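**Q** Pasting in a structure now, in structure tokens, and then I'll have a few things to ask.
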Amino acid sequence: MYQFSGKLKMLAIVLMAVGLLGTGYSFFSAPKTLDDAKEILAKQDAHHGGHEATATHAEEEHVEEAKVEEHVEEVVTEETQADSTATQAEEHVVNVAEQAQDSTNVQANEAEVKEEVAHTEAKEETHAVAEAHGEDHGDAHAEHALHQMQNRPWSAMYVALLFSLGITLLVLAFYGSQIVAQAGWSVVLHRVMEAISSNLHYVSLVMLVFLIATAMHMNHLFTWMGEGVTDPTSPNYDAIVDGKKWYLNTPGWLIRSIIYLAGWNVYYFLIRKWSLAQDNGDLKQHKKNYNATVIFLVFFMITESMASWDWIMSIDPHWFSTLFGWYVLATFLVSALTVIAMVTIYLRSKGVLPLVNDSHIHDLAKFMFGFSVFWTYLWFAQFMLIWYADMPEETTYFLLRFNEYKVPFLAMVVMNFIFPVLLLINSDFKSRPWFVILGGVVILAGHYIDLFVMIMPGTVGGQWGFGIGEISGLLFFTGLFIFATFSAFAKANPVPKGNPYLHESETYHYYNIEHTGEDSNHH
Amino acid sequence: MSTNKVIHALYNDDDILMDAVKKVKSENHHIEEVFCPFPVHGLDKAMGLAPTRLAITAFLYGITGLSVAVWLTWYTMIADWPQDIGGKPNFSWAANMPAFVPILFELTVFFAAHLMVITFYMRSRIWPFKEAENPDPRTTDDHFLMEVPVHGNEEELMALLETTGAVEINVVETH
Chain V
435 MYQFSGKLKM LAIVLMAVGL LGTGYSFFSA PKTLDDAKEI LAKQDAHHGG
485 HEATATHAEE EHVEEAKVEE HVEEVVTEET QADSTATQAE EHVVNVAEQA
535 QDSTNVQANE AEVKEEVAHT EAKEETHAVA EAHGEDHGDA HAEHALHQMQ
585 NRPWSAMYVA LLFSLGITLL VLAFYGSQIV AQAGWSVVLH RVMEAISSNL
635 HYVSLVMLVF LIATAMHMNH LFTWMGEGVT DPTSPNYDAI VDGKKWYLNT
685 PGWLIRSIIY LAGWNVYYFL IRKWSLAQDN GDLKQHKKNY NATVIFLVFF
735 MITESMASWD WIMSIDPHWF STLFGWYVLA TFLVSALTVI AMVTIYLRSK
785 GVLPLVNDSH IHDLAKFMFG FSVFWTYLWF AQFMLIWYAD MPEETTYFLL
835 RFNEYKVPFL AMVVMNFIFP VLLLINSDFK SRPWFVILGG VVILAGHYID
885 LFVMIMPGTV GGQWGFGIGE ISGLLFFTGL FIFATFSAFA KANPVPKGNP
935 YLHESETYHY YNIEHTGEDS NHH
Chain Y
385 MSTNKVIHAL YNDDDILMDA VKKVKSENHH IEEVFCPFPV HGLDKAMGLA
435 PTRLAITAFL YGITGLSVAV WLTWYTMIAD WPQDIGGKPN FSWAANMPAF
485 VPILFELTVF FAAHLMVITF YMRSRIWPFK EAENPDPRTT DDHFLMEVPV
535 HGNEEELMAL LETTGAVEIN VVETH
């Protein structure tokens, strides 16, 4: 049996406490009023003037410009209110997107000075449109920035929350796939995967609080929830979102979300209970687990896809992608396998997994390698199809990311593809624990960035950064993860001794690798 | 000392063969060759054969294929005749890179796979019309054959092989 050490428990609690404090601070320090936002913007502008020639300046320039572009889009959408036909709204969006694209080409090919011109032009145009409306849009820019700044602590928390939830859920789904595939090799890892999945209960609870807070309009992460977006008489009317109202409406979203969470949690509760019950070696129990898992996997594949639309894709409600659910799945699946490998290596080094040998680590690393490539395949398939066809309503999604999030956007591809491929292609390296940990850290960081780049552009836009809020979110959920995983692991026998495939797993040996030091003595 | 004699010991079970190989190795006899009708797991380890480096060659061939593809797409699409085809950016290779990825991938795989197979054929000396080197046709069906060259005491070696469960032992003159 494993003893959850007081030191580790303390670490988990400290991480959670620091995370909570930091999150509280980031909420506290977010601007409250329009004047606060204007002050921050003024500071940013001053910064502009001071460092004309530096690279940071150029970057911020992009940020500003894109913000104006977004703003233009908003205003144009408002304009359509007069006509209030969906076709025309779409036409306008197309125009705006084309403008956005043109200005990128300018950015790419011409000097900074020209950018400045484009920038001012865009701004003037905005005002022109606004004036044509006969409404005061003088504060509109600051208001837009204010919303983004207010979103930032929420988004910072939300990215970490989704990352933790996704990983935990995918560990559970991978565990399910091992049961259904009747995999022989992984039986000695069953208790590790169960322990990690126990985090699902805790994170789901946090998610539930978040969902309810969001539905109560405590944040503005989901623009389609905004006041009056589906009301043709409102200045906020958005014809495109109105057309999606049958799916994107707050009560439906909340009910769906709760169904996903409930379904996953019920399965975890049952499979954990039944898995422990199976320690007596009852084969009937084994079949029951199998059948329940088949049903869960069907439910999981549908709900995972829908959850990725509801929780991630709907942040950009004008944009859509068919393979998005798979892409999100791949991101979390790689991370989940990495986490399984890391927790297994840690527990084995503590001597509580006597049956796990180098071949099991080797197999986990093979999965990390394979699914890293799978993630890249899906990421590239999504990106390249949109890049190639270059249809404005789809391209804006990547345009925003490529212009404003260039470093994370490109770093992520290196960290999630090139690094694991070069590091984990060698069979010998895959069975070296420290190598797997090294690869794992980079993969986890890469997939956090991946999720960051999915969420942030739609919620905080140009006002993004990686500061106290973001780090605190990560710390809190890491603490929660450690606490949940290791306390669950301490509650059960690390060896699922009733599993009919246990012996196969115990003697599992991949022919190609030499087993070293930390090994089971069972063959 | 050296003679041209080899002993062919035949077995009819792979487990017995494995034990025999281990025993002969532990008595410090050199095993020239083992002929099997199918792959026997662990035989290479028991015989003390060095691991294959075929995977390393495949990796290098893959890099070669990637380089060829990069050069090909760069030369034909960017350097030699950069045309505006459907508005794709052809100012630089990097600007149009996503469009080249499918061919980069395929040529990498193509080079890695085919050159590795050809390397395998060359290193294993396999080609069409090659004369079979099989000492006993039964080894392609249901028998395993261990070939041990005779150095020194022939009787002693015969006696050792008798104890390993061989179904048939032949002394063969080679040329």
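Protein chains in written order, with the numbering used here: chain V, 435 to 957; chain Y, 385 to 559.
Idealized CB from N, CA, C, for every residue including glycine.
These numbers were taken from a predicted model, which means no experiment stands behind them.
To which residues does DSSP link isoleucine 553 (chain Y) through a beta bridge?
**A** Indexing the second sequence from 1 puts residue 553 (chain Y) at position 169. In DSSP, isoleucine 553 (chain Y) forms a bridge with Y:Ala393.
**Q** Whose C-alpha, out of V:Val855, V:Gly697, V:Leu819, is nearest the C-alpha of glycine 804 (chain V)?
**A** In the first sequence, the residue the question calls residue 804 (chain V) occupies position 370. Of V:Val855, V:Gly697, V:Leu819, the residue nearest in Cα terms is V:Val855.
**Q** Determine which residues of the stretch 812-839 of chain V have a Cβ less than 8 Å from any Cβ of chain Y, and write them out in chain order.
**A** Phe814, Phe817, Met818, Trp821, Tyr822, Asp824
**Q** Can you tell me where the beta strand (DSSP E) holding phenylalanine 900 (chain V) begins and where it ends?
**A** Within the first sequence, residue 900 (chain V) is the residue found at index 466, counting from 1. Unbroken run through phenylalanine 900 (chain V): none, as it is neither H nor E.
**Q** Taking its Cβ as the centre, do 16 or more other Cβ atoms sit within 10 Å of glycine 470 (chain Y), making it buried, or is it exposed?
**A** Here residue 470 (chain Y) corresponds to residue number 86 of the second sequence, with the count starting at 1. Looking at its Cβ environment, which holds fewer than 16 other Cβ atoms inside 10 Å, glycine 470 (chain Y) is exposed.
**Q** If you follow the beta strand (DSSP E) that valine 663 (chain V) is part of, which residue opens it and which one closes it?
**A** The count along the first sequence starts at 1 and reaches residue 663 (chain V) at position 229. Where valine 663 (chain V) is concerned, there is no enclosing beta strand (DSSP E), given that its DSSP letter is neither H nor E.
**Q** For the beta strand (DSSP E) containing valine 418 (chain Y), name the first residue and the last one.
**A** If you number the second sequence from 1, residue 418 (chain Y) lands on position 34. Judged by DSSP secondary structure, valine 418 (chain Y) falls within the beta strand (DSSP E) whose first and last residues are 417-419.
**Q** Mind checking who methionine 530 (chain Y) pairs with in its DSSP beta bridge?
**A** Looking up residue 530 (chain Y) in the second sequence gives position 146. DSSP, once it has assigned bridges, lists Y:Ala393, Y:Val418 as partnering methionine 530 (chain Y).
**Q** How is the alpha helix (DSSP H) around glycine 873 (chain V) delimited, first residue to last?
**A** For the purposes of this step, residue 873 (chain V) is identified with residue 439 of the first sequence, where counting begins at 1. Per DSSP, glycine 873 (chain V) belongs to the alpha helix (DSSP H) from 867-893.
**Q** Compare the C-beta of alanine 497 (chain Y) with all C-beta atoms of chain V and state if any pair is closer than 8 Å.
**A** Numbered from its first residue, the second sequence carries residue 497 (chain Y) at position 113. Put simply, the CB of alanine 497 (chain Y) is far from chain V, with every gap to its CB atoms at 8 Å or more.
**Q** Taking the alpha-carbon of alanine 574 (chain V) as reference, which of V:Ile674, V:Asp469, V:Ser631 has the nearest alpha-carbon?
**A** Here residue 574 (chain V) refers to the residue found at position 140 of the first sequence. Comparing Cα positions, the closest option is V:Asp469.
**Q** By the three-class DSSP mapping on this structure, what secondary structure does arginine 437 (chain Y) have?
**A** Your numbering for residue 437 (chain Y) matches position 53 in the second sequence. Looking at arginine 437 (chain Y) - three-state DSSP - the assignment turns out to be coil, as it is neither helix nor strand.
**Q** Identify the continuous alpha helix (DSSP H) that holds isoleucine 1001 (chain V) and give its terminal residues.
**A** Residue 1001 (chain V) is absent from the model: chain V starts at 435 and stops at 957.
**Q** At least one CB of chain V closer than 8 Å to the CB of proline 423 (chain Y): is that the case?
**A** Working through the second sequence from its first residue, we reach residue 423 (chain Y) at position 39. Not one chain V Cβ lies under 8 Å of proline 423 (chain Y).
**Q** Secondary structure at proline 930 (chain V), three-state DSSP: helix, strand or coil?
**A** The sequence position of residue 930 (chain V) within the first sequence is 496, counting from 1. Here DSSP, grouped into helix, strand and coil, assigns proline 930 (chain V) to coil.
**Q** By the three-class DSSP mapping on this structure, what secondary structure does lysine 707 (chain V) have?
**A** Counting from 1 along the first sequence, the entry for residue 707 (chain V) is found at position 273. Here lysine 707 (chain V) sits in helix by DSSP.
**Q** Is there a C-beta anywhere in chain V that falls below 8 Å from the one on proline 466 (chain Y)?
**A** If you number the second sequence from 1, residue 466 (chain Y) lands on position 82. Cβ-Cβ to chain V under 8 Å: no for proline 466 (chain Y).
**Q** Using a Cβ-Cβ distance under 8 Å, would tyrosine 945 (chain V) count as near chain Y?
**A** Sequence index remark: in the first sequence, residue 945 (chain V) carries index 511 (1-based). By this cut-off, tyrosine 945 (chain V) is an interface position.
**Q** Could you pull out every residue in the same chain whose Cβ sits closer than 6 Å to the Cβ of leucine 545 (chain Y), ignoring the five residues on either side in sequence?
**A** Taking the first residue of the second sequence as 1, we reach residue 545 (chain Y) at position 161. So the list reads Ala393, Ile553, once near-sequence residues are dropped.
**Q** Considering only the alpha carbon of each residue, which of Y:Thr558, Y:Arg437, Y:Asn480 lies closest to asparagine 860 (chain V)?
**A** To locate residue 860 (chain V), count along the first sequence from 1; it is residue 426. For the residues Y:Thr558, Y:Arg437, Y:Asn480, the minimum Cα distance to asparagine 860 (chain V) belongs to Y:Arg437.
**Q** Can a CB atom of chain V be found closer than 8 Å to the CB of valine 405 (chain Y)?
**A** Within the second sequence, the letter at position 21 stands for residue 405 (chain Y). Chain V, which has no Cβ nearer than 8 Å to the Cβ of valine 405 (chain Y), makes this no.
**Q** Below 7 Å CB to CB, which residues in the same chain sit around asparagine 955 (chain V) once its five sequence neighbours on both sides are set aside?
**A** Mapped onto the first sequence, residue 955 (chain V) falls at position 521. Low confidence applies here, because asparagine 955 (chain V) scores a pLDDT of 47, under 50, leaving its location unreliable; read the following figure in that light. Contacts found: none.
**Q** May I ask you to list, following chain order, the residues of the stretch 472-497 of chain Y that have a beta carbon less than 7 Å from some beta carbon of chain V?
**A** Pro482, Ala483, Val485
**Q** In terms of residues, what are the limits of the alpha helix (DSSP H) holding alanine 799 (chain V)?
**A** In the first sequence, counting from the first residue as 1, residue 799 (chain V) sits at position 365. Per DSSP, alanine 799 (chain V) belongs to the alpha helix (DSSP H) from 792-823.
**Q** Could you check if glycine 483 (chain V) is buried or exposed, using at least 16 other CB atoms within 10 Å of its CB as the buried criterion?
**A** Here residue 483 (chain V) refers to the residue found at position 49 when the first sequence is read from its first residue. Confidence at glycine 483 (chain V) is low in this model, with a pLDDT of 49, below 50, so the placement of that residue should be treated as unreliable; the coordinate-derived value is given next. When all chains shown are included, glycine 483 (chain V) counts as exposed.
**Q** From valine 848 (chain V) to lysine 718 (chain V), what does the alpha carbon distance come to, in whole angstroms?
**A** Taking the first residue of the first sequence as position 1, residue 848 (chain V) is located at position 414. Taking the first residue of the first sequence as position 1, residue 718 (chain V) is located at position 284. Approximately 47 Å, taken between the alpha carbons.
**Q** Would a check of beta-carbon distances place glutamate 938 (chain V) closer than 8 Å to chain Y?
**A** On the first sequence, residue 938 (chain V) is found 504 positions in, with the first residue counted as 1. So, not an interface residue.
**Q** Asparagine 585 (chain V): which of V:Thr457, V:Ser921, V:Leu688, V:Leu604 sits nearest, CA to CA?
**A** Mapped onto the first sequence, residue 585 (chain V) falls at position 151. With distances taken between Cα atoms, asparagine 585 (chain V) lies closest to V:Thr457.
**Q** What's the C-alpha gap between arginine 507 (chain Y) and tyrosine 459 (chain Y)?
**A** Mapped onto the second sequence, residue 507 (chain Y) falls at position 123. Mapped onto the second sequence, residue 459 (chain Y) falls at position 75. C-alpha separation (whole angstroms): 35 Å.
**Q** What first and last residue would you give for the alpha helix (DSSP H) that runs through leucine 655 (chain V)?
**A** On the first sequence, position 221 is the one that residue 655 (chain V) refers to. Note, leucine 655 (chain V): premise wrong, no alpha helix (DSSP H); not H, not E.
**Q** Give the straight-line distance between the Cα atoms of tyrosine 935 (chain V) and aspartate 797 (chain V), rounded to the nearest whole angstrom.
**A** Here residue 935 (chain V) refers to the residue found at position 501 of the first sequence. Here residue 797 (chain V) refers to the residue found at position 363 of the first sequence. Looking at the two C-alpha atoms, the distance is approximately 17 Å.
**Q** I'd like to know if the stretch 907-918 of chain V and the stretch 452-466 of chain V are in contact, where contact means that at least 3 CB-CB pairs between them fall below 8 Å.
**A** yes
**Q** So the candidates are V:Tyr831, V:Trp698, V:Ile947; which of them puts its Cα closest to the Cα of aspartate 862 (chain V)?
**A** In the first sequence, residue 862 (chain V) corresponds to position 428, counting from 1. Closest by alpha carbon: V:Ile947.
**Q** On a Cα-Cα basis, can you pick out the residue from Y:Ala483, Y:Tyr505, Y:Glu490, Y:Ile391 that is closest to serine 451 (chain Y)?
**A** By 1-based counting over the second sequence, the position of residue 451 (chain Y) is 67. The residue with the shortest Cα to Cα distance from serine 451 (chain Y) is Y:Glu490.
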